[in-house]
Amino acid sequence: MNTIKFLFLLTICAAGTGFLSIRDDTGYVNELKAWHQKRIESLKAENGWLNLAGLFWLEEGKNSFGADTQNNVVFPAGKSLPLLGSFTLKNGEVWVDIEPGAKVTVNGQPVTSLKIFSAEDHPVLASGSLRWFVIKRGNKYGIRLRDLESPGIQHFTGINTYSIDQKWRVEARLEPAATDKKIPITDVTGQTSLQTSPGTLVFTIDGKEYRLDAVESEDQLFILFADKTSGKETYGAGRFLYAERPNRQGITVLDFNRSINPPCAFTTFATCPLPPKQNRLPIAVKAGEKNYGNH
Numbered sequence: 015m016n017t018i019k020f021l022f023l024l025t026i027c028a029a030g031t032g033f034l035s036i037r038d039d040t041g042y043v044n045e046l047k048a049w050h051q052k053r054i055e056s057l058k059a060e061n062g063w064l065n066l067a068g069l070f071w072l073e074e075g076k077n078s079f080g081a082d083t084q085n086n087v088v089f090p091a092g093k094s095l096p097l098l099g100s101f102t103l104k105n106g107e108v109w110v111d112i113e114p115g116a117k118v119t120v121n122g123q124p125v126t127s128l129k130i131f132s133a134e135d136h137p138v139l140a141s142g143s144l145r146w147f148v149i150k151r152g153n154k155y156g157i158r159l160r161d162l163e164s165p166g167i168q169h170f171t172g173i174n175t176y177s178i179d180q181k182w183r184v185e186a187r188l189e190p191a192a193t194d195k196k197i198p199i200t201d202v203t204g205q206t207s208l209q210t211s212p213g214t215l216v217f218t219i220d221g222k223e224y225r226l227d228a229v230e231s232e233d234q235l236f237i238l239f240a241d242k243t244s245g246k247e248t249y250g251a252g253r254f255l256y257a258e259r260p261n262r263q264g265i266t267v268l269d270f271n272r273s274i275n276p277p278c279a280f281t282t283f284a285t286c287p288l289p290p291k292q293n294r295l296p297i298a299v300k301a302g303e304k305n306y307g308n309h
């Protein structure tokens, strides 16, 4: 699963944009508040971003794991046995072997030895409050660890946002790519992948025209952008925005009030894609989510 498809899980927070129409301010504000509450709930969920507790890149061959600091993969102290088992990475597949007496499960069933990553499958393993699974980024394979008792959840108090303003809900025209366009997207680990782009979204704010390249994300458009607030009032590496696919006239809506922080704003254990240079807007987009914490 590539980065963009993986991040499509965030679209639960971005659904329901709708095409541009005259909106009742009160109804629109209530709609955005309800959307943002779902966004908060998704961050706090078991598969959300607030409970990440580690990201460990595997070496080819055997990688021991557990709470002992001598392991290749070191789980949080007090959360597991000193040695839970080992991961073996070979030829693009990952196997796990569990130590006798260690209680590790998949879907509630005990595990002793199991292939936990292939092109078709990568199950979630569990022990106590810990959950982990394999991710692939470029040619790298890693263990993503969650802790359902994470301080990230316990200390979470919400996300500051700009005041909702319909000025930032704009009609955009998709300028289709002339050919099968792909744009390079680099993530925070330095891995670059070519993502399919249907074209460029062209829109106007305060009488001036701006452009943003979109990439495909299942049945939506995914936009990575930065602006003059980035690194000041908003997350330094930019924000995410989703939009519906254009109608028959090539029109969709960009609602910057729905701009969200990437996962890296909440945790150091995410592998977020970064905005391409052409998606750095020369204006301050004072809409959507502001910066969170110190990430």
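Taken in order, the sequence shown gives residues 15 to 309; the numbers are from the numbering used here. For glycine and all other residues, C-beta sits at the position ideal for the given N, C-alpha and C.
A Cβ-Cβ separation of about 7 Å places residue 128 in contact with residue 109 under the 8 Å criterion. As DSSP reads the structure, residue 155 sits in a beta bridge with 150. Take residue 206, set aside five residues on each side of it, and the residues of its chain with a beta-carbon closer than 6 Å to its own are 198 and 200, in chain order. Following the DSSP letters along the chain, one finds residue 109 in no alpha helix (DSSP H) but inside the beta strand (DSSP E) bounded by residues 107-112.
Proximity to residue 64 across 174, 160, 260 and 98 peaks at 160, based on C-alpha coordinates.
In terms of CA proximity to residue 180, 271 leads the group 271, 106, 195 and 276. Contact between residue 189 and residue 229 is absent: CB atoms are separated by about 14 Å, not below the 8 Å threshold. The Cβ-Cβ distance between residue 213 and residue 196 does not fall below 9 Å.
Rounded to the nearest angstrom, the gap between the Cα atoms of residue 101 and residue 279 is 29 Å. Of the residues assessed, residue 275 falls on the buried side of the cut-off, its CB having 16 or more other CB atoms within 10 angstroms. Residue pairing by DSSP places residue 188 opposite 215 in a beta bridge. Residue pairing for residue 124: DSSP places it in a beta bridge opposite 119. Out of 146, 45, 222 and 255, the CA that lies nearest to the CA of residue 283 is found in 146.
Taking a C-beta distance under 9 Å as the contact criterion, residue 106 and residue 155 qualify as a contact pair.
Here residue 223 is bridged, per DSSP, to 218.
Secondary structure of residue 253 (DSSP, three-state): strand. Excluding residues up to 5 positions away in sequence, 196 and 230 lie with their Cβ nearer than 6 Å to the Cβ of residue 210 in the same chain.
Residue 162 is classed as exposed because its beta carbon has fewer than 16 other beta carbons within 10 Å across all chains shown.
Cβ neighbours of residue 168 within its own chain (closer than 6 Å, five residues either side excluded): none. A straight line joining the alpha-carbon of residue 133 with that of residue 296 spans about 41 Å. DSSP, read as helix, strand or coil, puts residue 229 in strand.
By the 16-neighbour rule on beta-carbons within 10 angstroms, residue 273 is buried. Take the alpha-carbon of residue 294 and the one of residue 72: they are about 34 Å apart. When beta bridges are read from the DSSP output, residue 234 appears opposite 231 and 258. Cα atoms of residue 86 and residue 148: separation of roughly 15 Å, rounded to the nearest angstrom. Each residue's CA atom was taken as its position, placing residue 264 and residue 186 some 8 Å apart.
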